[in-house]
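Scroll down for the structure; my scribbles are underneath it.
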Amino acid sequence: MALIKNNWLLSSYCLTLLSSPYWPKMPGMIYCWWGVLLLFFALRIHQLWYTIGICTALILVLLHGNIFKRQSDVLFQSKHDITINVKVDSFFTPNSFGYSAQAQVLSINNTPIRWWMQPKVKLYTTGQYDPGDILKMSVTIKPITGVFNEAGFDSERYFFSQGIVAKVFARSDIEVKKSGDTWRYRLFQQVAQQLRDDSLKGIILALSFANRHDLTEQQWQVLKESGLAHLIAISGLHIGIAYSFGFLLGIPVSRLGRRWLWTPVILGGCSALIYAWLAGFSLPTQRAILMLLIHIVLRMNHSRVSLRERFLLTLSGILTIHPFAGISASFWMSFAAVFFVLYLVNQERDVLHRDRVGKLIRQMKGHLVLMIGMLPVSAYFFGGVSLISPLYNLVFIPWFSVLVVPLVFVGLLVTSLGGSAILIWQVIHGLLEPVMWAASFAGPAWLFTPSHLIALLIIATTVVLLWPILSSRSLGFFLVMMCGFSVGRNTTTDWQIDILDVGHGLSVLIGRHGHYILYDTGKSWPGGSMVQSVVTPILRQRGIRHLDGLILSHLDNDHAGGRFELEKVWHPQWKRASEFLPGYQPCAQGHSWQWQGLTFDVLWPPKRVVKADNDASCTLRISDDDGHSILLTGDIEKGSEWQMLQQDLPLGSDVVIVPHHGSDTSSSPLWVKRVGAELAIASLAGVNRWHLPNKGVVKRYQQNGTQWLDTAISGQVRVIISGQKREVNTMRSETFSPWYRQTLRKQVEWRGYSR
1 MALIKNNWLL
11 SSYCLTLLSS
21 PYWPKMPGMI
31 YCWWGVLLLF
41 FALRIHQLWY
51 TIGICTALIL
61 VLLHGNIFKR
71 QSDVLFQSKH
81 DITINVKVDS
91 FFTPNSFGYS
101 AQAQVLSINN
111 TPIRWWMQPK
121 VKLYTTGQYD
131 PGDILKMSVT
141 IKPITGVFNE
151 AGFDSERYFF
161 SQGIVAKVFA
171 RSDIEVKKSG
181 DTWRYRLFQQ
191 VAQQLRDDSL
201 KGIILALSFA
211 NRHDLTEQQW
221 QVLKESGLAH
231 LIAISGLHIG
241 IAYSFGFLLG
251 IPVSRLGRRW
261 LWTPVILGGC
271 SALIYAWLAG
281 FSLPTQRAIL
291 MLLIHIVLRM
301 NHSRVSLRER
311 FLLTLSGILT
321 IHPFAGISAS
331 FWMSFAAVFF
341 VLYLVNQERD
351 VLHRDRVGKL
361 IRQMKGHLVL
371 MIGMLPVSAY
381 FFGGVSLISP
391 LYNLVFIPWF
401 SVLVVPLVFV
411 GLLVTSLGGS
421 AILIWQVIHG
431 LLEPVMWAAS
441 FAGPAWLFTP
451 SHLIALLIIA
461 TTVVLLWPIL
471 SSRSLGFFLV
481 MMCGFSVGRN
491 TTTDWQIDIL
501 DVGHGLSVLI
511 GRHGHYILYD
521 TGKSWPGGSM
531 VQSVVTPILR
541 QRGIRHLDGL
551 ILSHLDNDHA
561 GGRFELEKVW
571 HPQWKRASEF
581 LPGYQPCAQG
591 HSWQWQGLTF
601 DVLWPPKRVV
611 KADNDASCTL
621 RISDDDGHSI
631 LLTGDIEKGS
641 EWQMLQQDLP
651 LGSDVVIVPH
661 HGSDTSSSPL
671 WVKRVGAELA
681 IASLAGVNRW
691 HLPNKGVVKR
701 YQQNGTQWLD
711 TAISGQVRVI
721 ISGQKREVNT
731 MRSETFSPWY
741 RQTLRKQVEW
751 RGYSR
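Okay, so the sequence shown: first residue is 1 according to full-length UniProt numbering, each after it adds one.
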């Protein structure tokens, strides 16, 4: 009974905490006192024992959630431009603005902030500073308003998982108070200097300091596709290796007598703490240290704890420190590794007196169980699985554990003592070369997983892992579920357009019968593009293998910045543009074609041009046999609109993509009236420097009886047309949005953006 009771208390505690990021509202602090009262009665009244875990978790969530909300309020309640003091918490990394790092706000306008209310921010500056430095500067504060699509990077979720409440941009000269604790940064600079000409510098620095900004895009892609990316992200595995490193060093000392018996454990713990400090005590390393601490305490107390209880204790400990950790992909990856370690420890007890071959077989079986169990986790968070990853990990986890990471420790130790570790870094380079060489062949083995197959993969994984204990009835139930998820989706008469959320820019995906066309690609920037971060993840999640066509309205960066990458990765069968481009067909007035039963009529420009500006945007009308129509407009302005009206072109459409992101340079009153759309959708960024959409333009459409949507507020917008029906869905549902998104984005309204 006691075992069941303990398991229930821990399980209910963990499940309550794991659900908390997805609550639609975060109750106020007053409810925390109600939670304390309920906990008091639960501890006093035996019949209420089963609520103890839930009540404790509720109190913790309400405390952390309200502190997060209050930190946001503290930062934004001041004027737009303020003076702050911040402490730099991480290395600076280069970006399109200059450099960025995480920082803690210590004071606002010379008013100190209590330590538990100090907001954590993403700081953007034009120069680099050392971790630990105190900076004083005038700043502009911006809310976190990331793009939100069915797939791709979710910046709001990421920033929340890091505890960051806002972005801060330095506006003036910065006063710097150098930190007295710069030893870590000096060590980093010394190692970086010794590695300055090493092609694998990024990997070694990632293993040494958790600093990955020197990794090339190609190196990261190779590691990801091979399933080895976790080996260079300092987390539980690496902290465990550091502990083992110190533990082994302490074994000879422990043989000197009973008073030295715990030397290996102490040295192991110190080694792990030092490594976590070198990694900047990132969230994964904090979790790993806590896991290790729980393990040490249980070992020192000689506690006989089951695998389930050990796992629940570890999970409870992590969630107590970071209640919202469940929203992070690294959290789930870490706990898959924890389960693997605990599983092996449990199996090792069972085979303690067996031969070495038997132990090896059991360990390989445990490794296989982990790899199978990780498949749905990888598919959900990374959009695919590596079919060859189990083999790579079987070889290279020991390779890193026994050779690479311990040598990194030696190199760091030699450098910290003032010596040169160049020879050691060269040896590590030699050990990493076969890893990167082998991983380079993993590309074809990376299987992108469409979203509708993830549930099927979860069920299949469950069946494989539980096969030995499944009854025939249970097996039949799972097989029926798999068949249900395998039924194809309806693609008979439906067609749809997706206005992707690409910030300030435009990208529209048109689909029917499993075939797709892309109208515009969104912007690009040094080192990335919206094709890479939004378009490609969406296409892969849908299981799309190629594009039928690509249409470019014009060649401004925010509309066609990703065209080269899209052509390289997706190889559209045909391409059209209003500008003369090699390999592109014309997109000019009078051209018309059929595609999957839809009719495409180009209304503008009158002819192809040498240089397509806004007014030469390819404007086309898509229609079906049931009379539905959608007008795509690019960045046309009032001059082009007037000429269209003069030519009496067939502008009338049910849905219009608002010209020029809702700017007052476009959408003239007569043009809006002639289009007569029931729905207008604008693609734009929240809190943008152009203050789009123009309020007069929004009002103009609404006064004409047109419903207004834009991607800044709604995220990705999907219009589905089937027969006589038209359905509109948005990623930021009006009925549900997690409380943390509301907290981060409510500052959009604070900036006067709400309409």
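Backbone N, C-alpha and C fix where the C-beta goes; we use that ideal spot for every residue, glycine too.
With 16 other Cβ atoms within 10 Å as the buried cut-off, status of residue i
i, result
"Asn301", "exposed"
"Pro434", "exposed"
"Ile721", "buried"
"Pro572", "buried"
"Glu217", "exposed"
"Pro94", "exposed"
"Glu225", "buried"
"Thr706", "buried"
"Ser19", "exposed"
"Thr521", "buried"
"Tyr701", "buried"
"Pro669", "exposed"
"Asn110", "exposed"
"Gly326", "buried"
"Pro252", "exposed"
"Asn490", "Because the pLDDT of Asn490 is 48, which lies under 50, any placement of that residue in the model is unreliable, and the question is left without a value."
"Gln541", "buried"
Whether residue i touches residue j by CB criterion (9 Å)
i, j, result
"Leu632", "Leu651", "no"
"Ile164", "Ile141", "no"
"Leu709", "Val697", "no"
"Ala438", "Ser386", "no"
"Cys618", "Gly634", "yes"
"Ser271", "Phe245", "yes"
"Pro21", "Gln71", "no"
"Pro586", "Arg608", "yes"
"Ser161", "Leu290", "no"
"Pro406", "Leu60", "no"
"Leu207", "Ile234", "yes"
"Leu135", "Ala170", "yes"
"Ile397", "Leu237", "yes"
Distance between residue j and residue i (C-alpha atoms, nearest Å)
i, j, result
"Met26", "Thr16", "13 Å"
"Val656", "Ile497", "11 Å"
"Asp173", "His661", "34 Å"
"Val176", "Glu641", "53 Å"
"Phe188", "Gln194", "10 Å"
"Leu3", "Trp220", "Unreliable placement is indicated for Leu3, whose pLDDT of 49 sits below 50; the coordinate value is still reported in the next sentence. When rounded, the distance between both Cα atoms is 45 Å."
"Val534", "Val147", "9 Å"
Option nearest residue i by Cα separation, candidates the options
i, options, result
"Tyr31", "Tyr13, Ile54, Leu62 and Ala42", "Leu62"
"Leu274", "Ser254, Ile296 and Ile241", "Note that residue 274 corresponds to Ile in the displayed sequence, not to Leu. Nearest of Ser254, Ile296 and Ile241 to Ile274, Cα basis: Ile241."
"His295", "Ile266, Phe188, Val609 and Ala103", "Ile266"
"Arg689", "Ser663, Ala103 and Ser254", "Ser663"
"Ile52", "Asn66, Val168, Ser378 and Gly35", "Gly35"
"Arg299", "Leu312, Gly227 and Trp262", "Trp262"
"Leu550", "Lys568, Gln541 and Arg542", "Lys568"
"Val377", "Phe331, Leu278 and Leu403", "Phe331"
"Ala588", "Phe564, Trp570, Arg563 and Leu552", "Leu552"
"Phe736", "Ser714, Leu447 and Leu620", "Ser714"
"Phe92", "Gly280, Leu248 and Trp574", "Gly280"
"Val728", "Glu579, Thr711, Trp425 and Leu38", "Thr711"
"Arg186", "Leu75, Thr415 and Gln286", "Thr415"
"Arg621", "Gly528, Lys122 and Tyr519", "Tyr519"
Where residue i sits in the DSSP three-state scheme
i, result
"Leu352", "The pLDDT assigned to Leu352 is 45, lower than 50, so where the model puts this residue is not dependable; a value taken from the coordinates is nonetheless given after this. In this structure, Leu352 counts as coil in the three-state DSSP scheme."
"Ala151", "coil"
"Trp690", "coil"
"Phe441", "coil"
"Asp73", "helix"
"Gly583", "coil"
"Asp601", "strand"
"Val610", "coil"
"Asn557", "helix"
"Ala101", "strand"
"Gln707", "strand"
"Gly27", "First, the residue type needs correcting, since residue 27 is Pro and not Gly in the sequence shown. Three-state DSSP puts Pro27 in coil, outside helix and strand."
Within-9 Å CB hit, residue i to chain D
i, result
"Gly317", "In the displayed structure, chain D is absent; only one protein chain is listed."
Heavy atom of the ligand GDP within 8 Å of residue i beta-carbon
i, result
"Arg563", "This structure does not include the ligand GDP; it has no bound ligands of any sort."
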